[in-house]
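So for the sequence shown, this note's numbering puts the first residue at -14; every next one is plus one.
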Amino acid sequence: SVRRRVQFEVPSSKVDSAFSKFYNQIGQRARLPGFRQGKVPLGHLRKRYQSQAISEVGQQLVEEGWKTLLDDHEIVPVSRPEVDAGAPREGHAFSFTVTFEIAPDIELQAYESLSIEREVYVASPDVVEHELEHVAEHFTRFEPIEDRTDARDGDQVVIDYRGEIDEIPFPGGTAQDAELHLGSGQFIPGFEGQIVGHEVGESFAIQVSFPEQYGAPNLAGKEATFHITLKALRQQVVPEIGQPLADLLGEPDLDAVRARTKAEIEARFNRRSDEEARTALRAQIGAAYDFDAPPSLVDDEVLQRQNQLAREMIDAGMPAEEAKAQALDQGDALRDEAITEVRAALVLDAIAEKESIEVAPREVDSYIEFIVRQTGQYGARLREAYRDPNRRAGLRRRMRETKVLDFLLTKANVTSVEKAVPAHKHDHDHDHDHDHGPTEEAAE
-14 SVRRRVQFEV
-4 PSSKVDSAFS
6 KFYNQIGQRA
16 RLPGFRQGKV
26 PLGHLRKRYQ
36 SQAISEVGQQ
46 LVEEGWKTLL
56 DDHEIVPVSR
66 PEVDAGAPRE
76 GHAFSFTVTF
86 EIAPDIELQA
96 YESLSIEREV
106 YVASPDVVEH
116 ELEHVAEHFT
126 RFEPIEDRTD
136 ARDGDQVVID
146 YRGEIDEIPF
156 PGGTAQDAEL
166 HLGSGQFIPG
176 FEGQIVGHEV
186 GESFAIQVSF
196 PEQYGAPNLA
206 GKEATFHITL
216 KALRQQVVPE
226 IGQPLADLLG
236 EPDLDAVRAR
246 TKAEIEARFN
256 RRSDEEARTA
266 LRAQIGAAYD
276 FDAPPSLVDD
286 EVLQRQNQLA
296 REMIDAGMPA
306 EEAKAQALDQ
316 GDALRDEAIT
326 EVRAALVLDA
336 IAEKESIEVA
346 PREVDSYIEF
356 IVRQTGQYGA
366 RLREAYRDPN
376 RRAGLRRRMR
386 ETKVLDFLLT
396 KANVTSVEKA
406 VPAHKHDHDH
416 DHDHDHGPTE
426 EAAE
């Protein structure tokens, strides 16, 4: 069994010493009517602070006993201790019990030649060309239109606007020199289409309706008038997929751009493939063992899976309470998966110990800085969150597990299965400027 129950008995002399220390410390700062600070008799201190003394002395004796047990016997618990203790009394021994769980003794099976399939993605020429179109769009610029003055779909217009509801301007509804790409859907429905056909220098008014489900409740469903002055027209210019694009990317020619783009697409998909291989390997390891998984770890894993399931259902549009209730009902169904996951984690820990696989503090720091940079405006908040020792320890544990799985993959019999990158379904790691105009500003 992984569950342990230890009985402690603290001799009366140590109990009395703990009470004496408590009353000495409290007596130095206690202020009671009729006595100078530091001169309150012990009997009065006992009467005034007895409840606090019993609570603090009991907690101190339990913590000292628990720490001594862990240190003397080199125990690493995997659960929080459950303490069953009465109230300590002066002149009496103090007994309490602590129940906790430990990792089971694991007899490692051979792990040097596990078998796994790994998908290797290849990007076709069509996929590469489609990606190049998106790369070129990233370098889109807008240039003044000089051969006409009427606004058309696809133009970028520069406008001043003032929004009113019942002839009263509303917050966030006014801007000067706002840039709007007609047809982009940046502004609320009906706004952009009513600019088409108007001339540069013209001032006009349009009528729009804010959506019923709008971010700003004071505007949702309201009719609004926008007074607009059209100040300039610009046309979208996308670099040619050829030498101009190669120059922008710092490559010698288009063939080099294609090769680089193909490699980047395949690398993105193969990173996913690596993660899928780790997941499959982890499941294989967990299924190969049948030792008792510590119940507390299994319960924690079930809870994490329920929370994840609830989040997914909420993201899919299900009401939060209904999602949580359905996730809760899945507890028994999730338990077998949770047991396999806990077994896998414990086996990976054992392999890490045997192979001396560790994650240095500087590696954790570097990874935190990496994800902070990826997170953008929330980076500082994320960095602060990882100052929490428990969260940092959890990250370090996950990083070590990844190292162990990568180590096992180098030893495994890996069968590579070639797979085509899905057409038009690959990610585009590019930044795009996006101005939401009155829709988002009014919602703030």
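Idealized CB from N, CA, C, for every residue including glycine.
**Extent of the continuous beta strand (DSSP E) run through residue 129** = As a first step, residue 129 is located in the sequence shown; it is residue number 144 there, counting from the start. Run containing residue 129: 126 to 129, per the beta strand (DSSP E) assignment.
**Asked** Where are the alpha helix (DSSP H) runs, 4 residues long or more, that stay fully inside the stretch 261 to 321, in chain order?
**Response** Whole alpha helix (DSSP H) segments, 4+ residues: 280 to 300 and 305 to 314.
**Prompt:** Excluding five sequence neighbours on each side, which residues of the same chain lie with their C-beta closer than 7 Å to the C-beta of residue 273?
**Reply:** Counting from 1 along the sequence shown, the entry for residue 273 is found at position 288. Same-chain partners within the cutoff: 94.
**Prompt:** What does DSSP give as the partner residues of residue 188 in its beta bridges?
**Reply:** Here residue 188 is taken as the residue at index 203 of the sequence shown, counted from 1. According to DSSP, residue 188 bridges with 214.
**Item:** DSSP-derived helix/strand/coil call for residue 64
**Value:** For the purposes of this step, residue 64 is identified with residue 79 of the sequence shown, where counting begins at 1. Three-state result, residue 64: coil.
**Request:** Using the Cα positions of residue 205 and residue 198, report the straight-line distance between them to the nearest angstrom.
**Result:** Residue 205 sits at position 220 when you count from the first residue of the sequence shown. Residue 198 sits at position 213 when you count from the first residue of the sequence shown. Rounded to the nearest angstrom, the two C-alpha atoms are 6 Å apart.
**Request:** Using 10 angstroms around the beta-carbon of residue 106, count the other beta-carbons present and answer buried if the total reaches 16, otherwise exposed.
**Result:** Working through the sequence shown from its first residue, we reach residue 106 at position 121. By the Cβ-count criterion, residue 106 is buried, with 16 or more other Cβ atoms from all chains shown falling within 10 Å of its own Cβ.
**Message:** Per the DSSP calculation, residue 441 is bridged to which residue(s)?
**Reply:** The structure shown does not extend to residue 441, since the chain is modelled only from -14 to 429, so the question has no answer here.
**Message:** Below 8 Å, how does it come out for the stretch 133 to 140 and the stretch 276 to 286: are there three or more Cβ pairs, yes or no?
**Reply:** No, they do not touch.
**Request:** Could you tell me the distance, in whole angstroms, from the CA atom of residue 76 to the CA atom of residue 30?
**Result:** Residue numbering aside, residue 76 sits at position 91 when the sequence shown is read from its first letter. Residue numbering aside, residue 30 sits at position 45 when the sequence shown is read from its first letter. Rounded to whole angstroms, residue 76 and residue 30 show a C-alpha spacing of 17 Å.
**Request:** Could you tell me which residues DSSP pairs with residue -5 in its beta bridges?
**Result:** For the purposes of this step, residue -5 is taken as residue 10 along the sequence shown, with counting starting at 1. 79.
**Message:** In whole angstroms, give me the CA-to-CA distance for residue 82 and residue 3.
**Reply:** Walking along the sequence shown from the start, residue 82 turns up at place 97. Walking along the sequence shown from the start, residue 3 turns up at place 18. Distance between the alpha carbons of residue 82 and residue 3 is about 19 Å.
**Item:** Close Cβ partners of residue 101 (< 8 Å) along its chain, the five nearest in sequence each way excluded
**Value:** For the purposes of this step, residue 101 is taken as residue 116 along the sequence shown, with counting starting at 1. 262, 265, 266, 269, 394, 397, 398, 399 and 400.
**Asked** What is the DSSP secondary structure of residue 25, counted as helix, strand or coil?
**Response** As a working mapping, residue 25 is identified with position 40 in the sequence shown. In the structure shown, residue 25 sits in coil (DSSP, three-state: anything other than H, G, I, E or B).
**Request:** Specify the secondary structure class of residue 97 as computed by DSSP and reduced to three states.
**Result:** By 1-based counting over the sequence shown, the position of residue 97 is 112. The answer is coil: DSSP assigns residue 97 none of H, G, I, E or B.
**residue 220, DSSP secondary structure in three states** = As a working note, residue 220 is residue 235 in the sequence shown. Strand at residue 220.
**Message:** Measuring alpha carbon to alpha carbon, tell me which residue in 333, 32, 382 and 380 is nearest residue 96.
**Reply:** Taking the sequence shown and counting its residues from 1, one reaches residue 96 at position 111. Of the candidates 333, 32, 382 and 380, the one whose C-alpha sits nearest the C-alpha of residue 96 is 333.
**Prompt:** Excluding the five sequence neighbours on either side, which residues of its own chain have a C-beta within less than 6 Å of the C-beta of residue 298, listed in chain order?
**Reply:** Position 313 of the sequence shown, counted from the first residue, corresponds to residue 298. Only 308 meet the Cβ criterion.
**Prompt:** Any heavy atom of the ligand ZN closer than 6 Å to the CB of residue -14?
**Reply:** This structure simply doesn't include the ligand ZN, nor any ligand for that matter.
**Item:** Straight-line Cα distance separating residue 25 from residue 16
**Value:** Numbered from 1 along the sequence shown, position 31 holds the residue referred to as residue 16. Numbered from 1 along the sequence shown, position 40 holds the residue referred to as residue 25. Going from the Cα of residue 16 to the Cα of residue 25 covers about 8 Å.
**Asked** Beta carbon of residue 144, beta carbon of residue 215: below 7 Å?
**Response** In the sequence shown, the residue the question calls residue 144 occupies position 159. In the sequence shown, the residue the question calls residue 215 occupies position 230. For residue 144 and residue 215, yes; Cβs fall inside 7 Å.
**Request:** Give the secondary structure of residue -13 by DSSP, where H, G and I count as helix, E and B as strand, and everything else as coil.
**Result:** Position 2 of the sequence shown, counted from the first residue, corresponds to residue -13. Note: residue -13 maps to coil in three-state DSSP.
**Message:** Can you tell me whether residue 175 is helix, strand or coil according to DSSP?
**Reply:** As a first step, residue 175 is located in the sequence shown; it is residue number 190 there, counting from the start. Here DSSP, grouped into helix, strand and coil, assigns residue 175 to coil.
**Asked** Within 10 angstroms of its Cβ, does residue 140 collect 16 or more other Cβ (buried), or is it exposed?
**Response** Here residue 140 is taken as the residue at index 155 of the sequence shown, counted from 1. Residue burial is scored here from C-beta neighbours: residue 140 has at least 16 other C-beta atoms within 10 angstroms and is therefore classed as buried.
**Message:** Check this for me: beta carbons of residue 191 and residue 172, under 7 Å apart or not?
**Reply:** In the sequence shown, the residue the question calls residue 191 occupies position 206. In the sequence shown, the residue the question calls residue 172 occupies position 187. Cβ distance not < 7 Å, so residue 191 and residue 172 don't count as in contact.
**For residue 252 and residue 179, the rounded distance between their alpha carbons** = As a first step, residue 179 must be located in the sequence shown, where it is residue number 194. As a first step, residue 252 must be located in the sequence shown, where it is residue number 267. Whole-angstrom Cα-Cα distance: 44 Å.
**Prompt:** Expressed to the nearest angstrom, what Euclidean distance is found between the alpha-carbon atoms of residue 59 and residue 27?
**Reply:** As a position in the sequence shown, residue 59 is number 74, starting the count at 1. As a position in the sequence shown, residue 27 is number 42, starting the count at 1. Cα to Cα, residue 59 sits roughly 40 Å from residue 27.
**Prompt:** Roughly how many angstroms lie between the CA atoms of residue 98 and residue 376, to the nearest whole one?
**Reply:** Working through the sequence shown from its first residue, we reach residue 98 at position 113. Working through the sequence shown from its first residue, we reach residue 376 at position 391. C-alpha of residue 98 to C-alpha of residue 376: approximately 33 Å in a straight line.
**Prompt:** Do three or more CB pairs link the stretch 302 to 316 to the stretch 344 to 354 at distances below 8 Å?
**Reply:** Output reads no: the stretch 344 to 354 does not touch the stretch 302 to 316.
**Prompt:** What did DSSP end up calling residue 422 once you bin it into helix, strand or coil?
**Reply:** For the purposes of this step, residue 422 is identified with residue 437 of the sequence shown, where counting begins at 1. Residue placement at residue 422 is flagged as unreliable, the pLDDT there being 45, under the threshold of 50; the coordinate-derived value follows with that caveat. The answer is helix: DSSP assigns residue 422 an H, G or I state.
**Asked** Which first and last residues belong to the beta strand (DSSP E) in which residue 356 is found?
**Response** One-based indexing of the sequence shown puts residue 356 at position 371. Unbroken run through residue 356 is the alpha helix (DSSP H), 346 to 360; no beta strand (DSSP E).
**Asked** If you compare alpha carbons, which of 35, 286 and 350 is closest to residue 63?
**Response** Position 78 of the sequence shown, counted from the first residue, corresponds to residue 63. The candidate whose alpha carbon is nearest that of residue 63 is 286.
**Asked** Apart from the five residues just before and just after residue 41, which ones in its own chain have a Cβ nearer than 8 Å to its Cβ?
**Response** Numbered from its first residue, the sequence shown carries residue 41 at position 56. The answer, listed in chain order, is 7.
**Message:** Here's the rule I'm using: 16 or more other beta-carbon atoms within 10 Å means buried, otherwise exposed. How should residue 418 be labelled?
**Reply:** Residue numbering aside, residue 418 sits at position 433 when the sequence shown is read from its first letter. The pLDDT assigned to residue 418 is 39, lower than 50, so where the model puts this residue is not dependable; a value taken from the coordinates is nonetheless given after this. Residue 418 comes out exposed.
**Asked** In chain order, what residues of the same chain lie with their CB nearer than 7 Å to the CB of residue 426, ignoring the 5 residues before and after it?
**Response** As a working note, residue 426 is residue 441 in the sequence shown. Confidence at residue 426 is low in this model, with a pLDDT of 41, below 50, so its placement is unreliable and the value that follows should be read with caution. Here the set comprises 157.
**Message:** Give me the DSSP bridge partner(s) of residue 166.
**Reply:** Working through the sequence shown from its first residue, we reach residue 166 at position 181. For residue 166, which the question treats as bridged, DSSP gives the partners 141.
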